[in-house]
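Residue numbers (UniProt numbering): 1 to 1050.
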């Protein structure tokens, strides 16, 4: 034990390690034996014991000691006054999504410097870490967290500290497609097209493209692809058949999203309408034409206007660039007749030419005409800050006067134009006051005309917020606050929902001022976990954002009561139910502890979160025990569920009777198979045998015909008389004796016609009693049971079964086998299907088993149905294995040559319950962050040469132990080792040759020193002694002398 100095309110820990895990240890304070409580607790984990004093006070100071037999160890606890008080401490666990920032916040009673640490390393400001000092509030921000950032972070202030474990969680998120994705693509025929759709989703979704209702399949020309951020559809040399509405559907196990994208080929425009005269003078004509029906999927960039005099054959092009659908053609000859035609052009080029106009005589008109609206004003809806033009085309002779009205009132503006019979009003930048009703009135001496439209300015609502706060995991009693900004016209109305329902909880504060809305909860509870939706709505539409809040805590205690099953002399099976509340985060495991009166609680095992029962072994006969189960998640441990006291059995009794009803299968004229259920009470010791007896119904004497071993509850009966009814009785037996028999309720007669479940030609003949001489009628039944079911291999997580085909296939070919499993404890009341196999498979390995004891059964199947099953013997897995404990210190590192070190380590204290398979060695340059695996050696080797290291570089080394479950926590070097130049080495040693035992060869090789000689090179023949320096401790070395006799090889 070591002395501990700690500030008041902190937790003090004294730790010891024993040579035997079951030794009796007594703990004392100032010579008085300690009484354990919530304040002073003892935890036992194998050979290690920790005495923990929580929330220390000055009266906790003193001398603490422990005694094991005649041995004693002691240490002092000094409790100081804290130099500062924490107003807000760090939570036990900080949980953040992958690639999000982790923010650690503390508040202290006065402004003093704070040191932030990761484990024991001081953190400095960098691109990864941001340290914020706001007086008494101190913050550490770890940016864009990945799994490499998982660690314990500590804020140390004077003589007090607070710590939080950072967990990085991959939160599954349904696909969400970027709103900036283009929804229309224009491309010329023969060009390549790449449709790119950005999205966010975890995990990466599957993509499905369809076009015009048909699924897009990959080909040499059309290639869909997807990565973590975008889905891409590449179409090479696009053709007419590629045009249409493409729908991309993204799907993962959380949800789905879709988007429709229109793909068009840009073509030349169709023909405009024939030009028509609006006004004729002595030397000019003003023409108007209708736009083309199709712009060829691209805006019209100009119109090409041509004219031809009646007596000529050539066309003359108007040289001006024409953008509108009206134009004044000048410099024409008076009294001559002209015809006109027009062509529209877009980015693909000129399109079809319009029909020609009738011949128009260029002369001053003699007849006046009233105004006529050739093209009216068109109502339009635009957004804020946009440019909009209101246009109309007006005819009439003479040219009418034009007046613009806004909401019924005449107005004038420099942006109003009237040219070539086209009147236009342009608003260069719309504002919130631009919405209005606009009217154009045309008047000449003959009459009037008018046209009206509505201009509406609307802006879709838009919500902006800090997207890093969109999904948060916060501890109970923490604070949650999110502010959103909204825009849109008219001003949107904002509503907040919790799981799509109106928020009625008074603890949830919602405040909306101008364009900002804030939601906050000052003290979080588990019930606040939800999806919160903020929705902004106006006339233009709506916009919404989902905010995910998960409030996490320790799990509630497992549900009881603890049920005891199969109480034996040296073991008992306990059973419980999961906690009602997992704390908002997935359970990691259960811890089981046991207690004997007069002793302390001792840890038994950590088991998988899916296991809800466990058989505790190595208990004392006639002893009393209590057990407790603790659920654990990333935040911490639940309160324990404690059992009643249970006493190990000292006596047993015969089993109860087997249970019916008796099931029959594999029926033939002289045989069938019977099946029954085991007794409700096995008498406290396993069933060893079932005895089967038979008698004809008309007789009185019972005759034993066989028995089954252990838990086999079926038996094949043969050599019977056809159509003679038989009675059966079955008796169970254990190590104490034989229990009362079960007598079947109904007699069974071999060869009796079976119940018809499927009408076929054969069954119709059988029902009618007609058997044509050309047909042999064989009654088809399900097959008999599989034979010789055996357990051929057992590990801590798997069982391998083998079997033989059934004796009878029921008159039709087998279609397969079905394997089911049932735990003998815990959830074991239910059989669950493992797998369906084809009829040729006669061996199978069932993997990833969670409980400790199982029984398996195998059905044979044909077209008529399933056979009765054949049960395996009960199977106890090797152990509830875990990963090994870390390899043991010291991790010794020694440079033996240029750029080469040899390392050695000790075996783990625990193999985790499964044999060690190998060790993995990783290395990291101290100036870098990435660990690199450099070698693996088998479980019998604890040394490795690491080569090709760089001079004057510092390296850290980790060793992992591996069993069938996985890798242990690493044994890590305490400080970096520096690679010095070979000239500075006191002794240069030879490097063993690489062995051929599967070690990694690219960077490092195992020396396998325990079985191979090290050859010392360049030793002269006259040297009679040689010194080896710096040998590894805790090892043995063998030396032999090589005589280099070159002549022997000539």
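Using N, Cα and C, we set each Cβ at its ideal position, and we do this for glycine too. Everything numeric in this text was worked out from a predicted model, so none of it was measured.
field: Sheet register partners of residue 932 (DSSP bridge)
entry: The residue labelled residue 932 in the question sits at position 932 within the chain shown. DSSP lists 923 as partners of residue 932.
- request: Measure the Cβ-Cβ separation of residue 985 and residue 972 and say whether it is below 8 Å.
  value: Here residue 985 refers to the residue found at position 985 of the chain shown. Here residue 972 refers to the residue found at position 972 of the chain shown. Between residue 985 and residue 972, the CB-CB gap reaches or exceeds 8 Å.
- request: Determine the DSSP secondary structure at residue 148, reduced to helix, strand or coil.
  value: On the chain shown, position 148 is the one that residue 148 refers to. Three-state result, residue 148: helix.
Beta strand (DSSP E) segments (min. 3 residues) lying fully within the UniProt domain "Fibronectin type-III" (271-366): You should have 276-280, 285-288, 302-309, 326-329, 337-346 and 349-353.
message: On a Cα-Cα basis, can you pick out the residue from 609, 666, 690 and 667 that is closest to residue 659?
response: The count along the chain shown starts at 1 and reaches residue 659 at position 659. Comparing alpha-carbon positions, the option among 609, 666, 690 and 667 lying closest to residue 659 turns out to be 690.
Burial state of residue 219, where buried means 16 or more other Cβ atoms lie within 10 Å: Position 219 of the chain shown, counting from 1, holds the residue named residue 219. Exposure of residue 219 is indicated by the presence of fewer than 16 other C-beta atoms within 10 angstroms of its C-beta.
- prompt: Do you know whose CA, among 216, 98 and 58, lies nearest residue 470's CA?
  reply: Position 470 of the chain shown, counted from the start, is the residue given in the question as residue 470. Of the residues 216, 98 and 58, the one whose Cα lies closest to the Cα of residue 470 is 98.
message: For residue 117, list the residues DSSP reports as bridge partners.
response: Stepping through the chain shown from its first residue, residue 117 is reached at position 117. Beta-bridge partners assigned by DSSP to residue 117: 122 and 154.
field: Supposed contact pair residue 139 and residue 112 - C-beta distance, whole angstroms, cut 8 Å
entry: Position 112 of the chain shown, counting from 1, holds the residue named residue 112. Position 139 of the chain shown, counting from 1, holds the residue named residue 139. At roughly 15 Å, the Cβ-Cβ gap does not stay under 8 Å, so residue 112 and residue 139 are not in contact.
- prompt: Given that a residue counts as buried once 16 or more other Cβ atoms are within 10 Å of its Cβ, and exposed if not, what is residue 889?
  reply: Indexing the chain shown from 1 puts residue 889 at position 889. With a 10 Å radius around the Cβ and a threshold of 16 neighbouring Cβ atoms, residue 889 comes out exposed.
task: May I have the straight-line CA-CA distance separating residue 477 from residue 90, to the nearest angstrom?
output: In the chain shown, the residue the question calls residue 477 occupies position 477. In the chain shown, the residue the question calls residue 90 occupies position 90. Rounded to the nearest angstrom, the two C-alpha atoms are 12 Å apart.
Nearest to residue 197 (by Cα), restricted to the options 188, 468 and 176: To locate residue 197, count along the chain shown from 1; it is residue 197. Considering only alpha carbons, the answer is 176.
- prompt: From the DSSP output, which residues share a beta bridge with residue 95?
  reply: Here residue 95 corresponds to residue number 95 of the chain shown, with the count starting at 1. Partner(s): 167.
- request: With DSSP collapsed to three states, give me the class of residue 181.
  value: Start at 1 with the first residue of the chain shown, and residue 181 comes out as number 181. Reduced to three states, the DSSP call for residue 181 is coil.
- request: Within its chain, find whatever has a CB closer than 8 Å to the CB of residue 827; leave out the 5 residues flanking it on each side and keep chain order.
  value: For the purposes of this step, residue 827 is identified with residue 827 of the chain shown, where counting begins at 1. Residue confidence is low: residue 827 scores 43 on pLDDT, short of 50, so the model does not pin down where it sits. No coordinate-derived value is stated.
query: Per DSSP, which one or two residues make a beta bridge with residue 663?
result: Taking the chain shown and counting its residues from 1, one reaches residue 663 at position 663. Beta-bridge pairing links residue 663 to 675.
message: Helix, strand or coil, according to DSSP, for residue 526 in the structure here?
response: For the purposes of this step, residue 526 is identified with residue 526 of the chain shown, where counting begins at 1. Helix at residue 526.
query: In terms of alpha-carbon separation, which member of 329, 634, 681 and 748 lies closest to residue 551?
result: Numbered from its first residue, the chain shown carries residue 551 at position 551. For the options 329, 634, 681 and 748, the alpha carbon positioned closest to that of residue 551 is the one of 634.
message: Taking the straight line between their C-alpha atoms, what separation do you get for residue 340 and residue 320?
response: Walking along the chain shown from the start, residue 340 turns up at place 340. Walking along the chain shown from the start, residue 320 turns up at place 320. One alpha carbon belongs to residue 340, the other to residue 320, and they sit about 15 Å apart.
task: Specify, as a first and last residue, the run of the beta strand (DSSP E) that residue 472 falls within.
output: The sequence position of residue 472 within the chain shown is 472, counting from 1. 471-475 is the extent of the beta strand (DSSP E) around residue 472.
- prompt: To which residues of the same chain is residue 904 closer than 6 Å at the C-beta, ignoring the five residues directly before and after it?
  reply: As a first step, residue 904 must be located in the chain shown, where it is residue number 904. A distance below 6 Å between beta-carbons, with the five flanking residues on each side excluded, links residue 904 to the following residues of its chain, in chain order: 892, 942, 943 and 1032.
message: Less than 8 Å between the beta carbons of residue 547 and residue 474, yes or no?
response: Numbered from its first residue, the chain shown carries residue 547 at position 547. Numbered from its first residue, the chain shown carries residue 474 at position 474. No, they are not a contact pair.
- prompt: Span of the beta strand (DSSP E) holding residue 577?
  reply: In the chain shown, residue 577 corresponds to position 577, counting from 1. DSSP places residue 577 inside the beta strand (DSSP E), whose first and last residues are 572-577.
query: residue 84 to residue 3, Cα distance in whole Å?
result: For the purposes of this step, residue 84 is taken as the residue at position 84 of the chain shown. For the purposes of this step, residue 3 is taken as the residue at position 3 of the chain shown. Spanning the two alpha carbons is a distance of roughly 23 Å.
message: Using 8 Å for Cβ pairs, my map puts residue 360 next to residue 277. What's the rounded Cβ distance?
response: Start at 1 with the first residue of the chain shown, and residue 360 comes out as number 360. Start at 1 with the first residue of the chain shown, and residue 277 comes out as number 277. With a Cβ gap of about 5 Å, residue 360 and residue 277 count as contacting.
field: The beta strand (DSSP E) enclosing residue 889, as first and last residue numbers
entry: Position 889 of the chain shown, counted from the first residue, corresponds to residue 889. Residue 889 -> beta strand (DSSP E) spans 888-897.
- prompt: Which class does residue 806 belong to by DSSP, given the choice of helix, strand or coil?
  reply: Along the chain shown, read from residue 1 onward, the residue named residue 806 stands at position 806. Coil at residue 806, not helix or strand.
- prompt: Leaving out the 5 sequence neighbours to the left and right, which residues in its chain are closer than 8 Å to residue 33 when beta-carbon positions are compared?
  reply: On the chain shown, position 33 is the one that residue 33 refers to. Closer than 8 Å at the Cβ level, and outside the excluded window around residue 33, lie 26 and 27.
field: residue 208 versus residue 257 - alpha carbon distance
entry: Counting from one through the chain shown, the residue named residue 208 turns up at place 208. Counting from one through the chain shown, the residue named residue 257 turns up at place 257. Using only the alpha carbons, I get a separation of about 11 Å.
- prompt: Going by the beta-carbon positions, is the gap between residue 705 and residue 694 smaller than 8 Å?
  reply: In the chain shown, the residue the question calls residue 705 occupies position 705. In the chain shown, the residue the question calls residue 694 occupies position 694. Against a cut-off of 8 Å, the Cβ pair of residue 694 and residue 705 comes out as a contact.
query: What are the start and end residues of each continuous beta strand (DSSP E) run of 3 or more residues lying completely inside the region 805-867, in chain order?
result: Entirely contained in the region 805-867, the beta strand (DSSP E) runs reaching 3 residues are, in chain order, 814-823, 832-837, 843-846 and 853-862.
task: Go to residue 613, then tell me how far its beta strand (DSSP E) extends in each direction, as first and last residue.
output: For the purposes of this step, residue 613 is identified with residue 613 of the chain shown, where counting begins at 1. First-last of the beta strand (DSSP E) with residue 613: 613-616.
task: Within 10 angstroms of the Cβ of residue 24, are there 16 or more other Cβ atoms? Answer buried if so, exposed if not.
output: Translated into the one-based positions of the chain shown, residue 24 becomes position 24. By the neighbour-count rule (16 or more Cβ atoms within 10 Å), residue 24 is not buried but exposed.
field: Spatially closest choice to residue 171 from 158, 130 and 95, by CA coordinates
entry: As a working note, residue 171 is residue 171 in the chain shown. Comparing Cα-Cα distances from residue 171 to each of 158, 130 and 95, the minimum goes to 95.
- prompt: If residue 238 and residue 183 are in contact, beta carbons under 8 Å, what's the gap, nearest whole angstrom?
  reply: Here residue 238 refers to the residue found at position 238 when the chain shown is read from its first residue. Here residue 183 refers to the residue found at position 183 when the chain shown is read from its first residue. In this structure, residue 238 and residue 183 do not form a Cβ contact; the two beta carbons are roughly 17 Å apart against a cut-off of 8 Å.
query: Three-state secondary structure (DSSP) at residue 698?
result: For the purposes of this step, residue 698 is identified with residue 698 of the chain shown, where counting begins at 1. DSSP places residue 698 in coil when its eight states are reduced to three.
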